[in-house]
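Right, one structure below, let's go through it.
Pasting the structure below:
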């Protein structure tokens with residue numbers, strides 16, 4: 001009888017110990033799982049472009065798709081589904097006010113309202129103006145200026161010895177070449193006009209400069225540079241008034257200095 005009681009006690013202690021150990025391991029696994037879940041970012045569905053959507057083109061369902069995006073990193077103006085982007089039956093579509101690249105988030109500030117007309121003015125910044133200037137192959141960098149490029153504008157004025165050039169505007173954005181305003185179009189064309197984005201004050205300077213002489217575009221580098229005021233340069237600053245052959249040979253005389261050293265000294269020839 002005593003042996004049975006002792007055996008029952010031993011078994012009970014063993015079962016209790018195993019239960020404590022199993023519970024401890026289960027709690028550790030649950031804690032670790034909870035910790036992993038807490039560190040994983042929460043995701044949300046956002047709409048992106050399934051293909052390139054050029055400026056002015058319609059927003060259609062087959063041009064869109066959705067991907068998962070971290071909730072904390074979602075910028076304002078995104079869309080979670082197509083319902084507010086695709087028109088209903090008989091409704092005019094939305095259009096792209098900016099070129100949208102494949103895989104890029106579709107944002108509200110890049111889309112028109114349903115049926116809204118999209119024009120070049122919607123590419124302008126705050127308090128900016130669009131102004132067209134006449135160009136040709138030589139003044140527009142051989143046709144290599146395209147929408148989205150930045151240029152300096154140089155005025156050439158006068159004639160003969162009074163001919164001069166001055167950079168009147170720097171870091172000016174090209175928003176249109178002839179009737180083309182698509183920044184993704186990299187085709188080089190010889191244009192007759194380019195449309196630039198300027199402030200009201202810059203627009204006044206540009207209007208006066210176009211009447212005063214010929215305007216040329218200087219295509220800028222993509223690297224960031226610091227603009228500094230530039231002085232005008234005259235024709236006489238870059239060429240000599242007389243060529244070396246016109247000056248002829250110099251007249252020299254020998255001069256004895258300190259009774260020892262003899263030097264050849266140039267003298268100016270005078271004419272009566």
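Residue numbers (UniProt numbering): 1 to 272.
Just so it is clear, CB atoms sit at the ideal spot from N, CA and C, and this is done for glycine as well.
This structure is a prediction, so every number in the text was calculated from the model and none was measured.
C-beta contact flag for residue i and residue j at 7 Å
{"i": "residue 96", "j": "residue 153", "result": "no"}
{"i": "residue 217", "j": "residue 166", "result": "no"}
{"i": "residue 123", "j": "residue 175", "result": "yes"}
{"i": "residue 155", "j": "residue 168", "result": "yes"}
{"i": "residue 170", "j": "residue 223", "result": "no"}
{"i": "residue 133", "j": "residue 235", "result": "no"}
{"i": "residue 64", "j": "residue 46", "result": "no"}
{"i": "residue 78", "j": "residue 105", "result": "yes"}
{"i": "residue 93", "j": "residue 70", "result": "no"}
Three-state secondary structure assigned by DSSP to residue i
{"i": "residue 72", "result": "helix"}
{"i": "residue 52", "result": "coil"}
{"i": "residue 271", "result": "Confidence at residue 271 is low in this model, with a pLDDT of 49, below 50, so the placement of that residue is unreliable and no value is reported for it."}
{"i": "residue 143", "result": "helix"}
{"i": "residue 36", "result": "In this prediction, residue 36 scores a pLDDT of 49, lower than 50, which makes its location untrustworthy; no coordinate-derived value is stated."}
{"i": "residue 197", "result": "strand"}
{"i": "residue 84", "result": "coil"}
{"i": "residue 170", "result": "strand"}
{"i": "residue 176", "result": "strand"}
{"i": "residue 64", "result": "strand"}
{"i": "residue 111", "result": "strand"}
{"i": "residue 91", "result": "coil"}
{"i": "residue 102", "result": "coil"}
{"i": "residue 191", "result": "coil"}
{"i": "residue 211", "result": "helix"}
{"i": "residue 78", "result": "coil"}
{"i": "residue 120", "result": "helix"}
Chain-order list of residues whose beta-carbon lies under 8 Å from that of residue i (same chain, five-residue window excluded)
{"i": "residue 35", "result": "Bear in mind that the predicted position of residue 35 carries a pLDDT of just 49, short of 50, making it unreliable; the figure below should be weighed with that in mind. The answer is none, since no qualifying residue turns up."}
{"i": "residue 74", "result": "44, 46"}
Beta-carbon contacts of residue i that lie in its chain and below 7 Å, excluding the five residues immediately before and after
{"i": "residue 157", "result": "164, 212, 213"}
{"i": "residue 232", "result": "164, 165, 166"}
{"i": "residue 101", "result": "49, 52"}
Anticipated Cβ contact below 8 Å, residue i with residue j, distance rounded
{"i": "residue 195", "j": "residue 99", "result": "About 17 Å separates the two Cβ atoms, so there is no contact after all."}
{"i": "residue 191", "j": "residue 140", "result": "6 Å"}
{"i": "residue 111", "j": "residue 59", "result": "6 Å"}
{"i": "residue 273", "j": "residue 219", "result": "Since the first and last residues shown for the chain are 1 and 272, residue 273 lies out of range."}
{"i": "residue 125", "j": "residue 197", "result": "7 Å"}
Own chain partners of residue i with C-beta closer than 6 Å, once the 5 adjacent residues on each side are dropped
{"i": "residue 61", "result": "82, 86"}
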